Amino acid sequence: MSPVDDSVRRYLKQTQELFGDTLYLDGTVSIPEQISMTPEPAIKLSAFHEQIRHCEKCALGKTRTNFVFGDGNDNADLVFVGEAPGKQEDLLGIPFVGRAGKLLDRILEAINLKRSDIYICNVLKCRPPNNRDPLAGEIELCEPYLQTQLELIKPKVIITLGRVAAKTLLRLDLPLGQMRKNTYLYHGIDTVVTYHPAALLRNPNLKKPAWEDFQRIRDTYLIAAG
Ligand code: URA
3 MSPVDDSVRR YLKQTQELFG DTLYLDGTVS IPEQISMTPE PAIKLSAFHE QIRHCEKCAL
63 GKTRTNFVFG DGNDNADLVF VGEAPGKQED LLGIPFVGRA GKLLDRILEA INLKRSDIYI
123 CNVLKCRPPN NRDPLAGEIE LCEPYLQTQL ELIKPKVIIT LGRVAAKTLL RLDLPLGQMR
183 KNTYLYHGID TVVTYHPAAL LRNPNLKKPA WEDFQRIRDT YLIAAG
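Okay, so the sequence shown: first residue is 3 according to the numbering used here, each after it adds one.
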């Protein structure tokens, strides 16, 4: 919380104790218009969500149930980026709530993080029918939304989950096993590539290298967050 938010909160608490729930303002009290109890990125992100949630730039706008913008802490130091909503995500409008999401929650717990500590979103905001791979044209049209989310959140570390997210953000077209070996910079932000949790469900042999990645994610985050 910023010192300004803190002092406004204290002032409101004092007046509530003195005068109850009615706020009396006279000429001596001025509350600058831009002061808000909500941290800034939250306001901007929700305004941005509102602005784009009816998007029909590509055909997925006609077949989706919900536009899946993103979820978590708007001020997060860590942003996870997946591929596209699946069936459960499309139904609920929240990313990573299906089996892969539940596995990701458990992995996060293992490095002492909760969903509410991070922000999570996808390259595509709408579900491709039958979970087919995103088309290049869909990625091209949707990627600016992801870029704006990242600009507003300004995380310290980005984690790409799976090949589509890594390829989209880093413009690299290599096997994931190769990409995950390095840490990259995306507009100056440390970016770690790891497997998509759905891949870990399909192939349990990937869990060991993924665990190594998540330890590196934790270390990169601890260094970047100071
Ligand atoms: N897979 C993804 O890439 N994103 C989701 O939100 C769910 C599954």
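The C-beta atom is built at its ideal place from N, Cα and C for all residues, glycine as well. Everything numeric in this text was worked out from a predicted model, so none of it was measured.
With DSSP as the reference, label Leu203 as helix, strand or coil. helix
For the beta strand (DSSP E) that contains Gly1, what are its first and last residues? This structure gives no information on residue 1, because the portion of the chain shown stretches from 3 to 228.
Which residue's Cα is closest to the Cα of Pro87: Ile219, Leu202, His198 and Trp213? His198
On the CB-based measure, 16 or more other CB atoms within 10 Å of its CB, does Glu52 come out buried or exposed? exposed
Would you say Phe50 touches the ligand URA, meaning its beta carbon is less than 7 angstroms from a heavy atom? no
Of all the options Glu140, Ala226, Leu154 and Phe71, which has the alpha carbon lying nearest to the alpha carbon of Asn77? Leu154
Candidates Pro146, Gln90 and Leu110, of which the one nearest Phe50 by Cα: Checked all of Pro146, Gln90 and Leu110; the closest Cα to Phe50 is Pro146.
Is Phe82 close to the ligand URA? I mean its beta-carbon at under 7 angstroms from any heavy atom of the ligand. no
In its own chain, which residues sit with a C-beta less than 7 angstroms from the C-beta of Ser118, not counting the 5 before and 5 after it? Gly74 and Asn75
Reference Lys127; option with closest CA among Cys57, Thr185 and Pro157: Cys57
Look at the alpha carbon of Lys104 and the alpha carbon of Phe98, and state the distance between them as a whole number of angstroms. 7 angstroms
Can you tell me whether Tyr147 is helix, strand or coil according to DSSP? Helix.
Who are Phe82's beta bridge partners in DSSP? Ile122 and Ile161
Under the DSSP definition of a beta bridge, which residues are partnered with Thr185? Answer by DSSP bridge pairing, in chain order: Val194.
Going by the C-beta, is Pro157 closer than 7 angstroms to any heavy atom of the ligand URA? Answer for Pro157: no, Cβ out of range of the ligand URA.
Taking 7 angstroms as the cut-off, does the CB of Pro87 come closer than this to any heavy atom belonging to the ligand URA? yes
Would you mind giving the Cβ-Cβ distance between Ala226 and Ala102, rounded to the nearest angstrom? I have them listed as a contact below 8 angstroms. Rounded, the Cβ-Cβ distance is 25 angstroms, inconsistent with contact.
Kindly list the residues whose CB is nearer than 8 angstroms to the CB of Arg190, restricted to its own chain and excluding five residues on each side of it in sequence; keep chain order. Just to set this straight, residue 190 is Gly in the shown sequence, not Arg. Excluding positions up to five away in sequence, the list is empty.
C-alpha distance - Lys241 paired with Thr222, whole-angstrom precision: The structure shown does not extend to residue 241, since the chain is modelled only from 3 to 228, so the question has no answer here.
Which of the three DSSP states, helix, strand or coil, is assigned to Asp92? Helix at Asp92.
Can you tell me whether Gln149 is buried or exposed, with buried defined as 16 or more other CB within 10 angstroms of its CB? exposed
Is the beta carbon of Val125 less than 8 angstroms from the beta carbon of Ala167? yes
Expressed to the nearest angstrom, what Euclidean distance is found between the alpha-carbon atoms of Lys156 and Ser48? 15 angstroms
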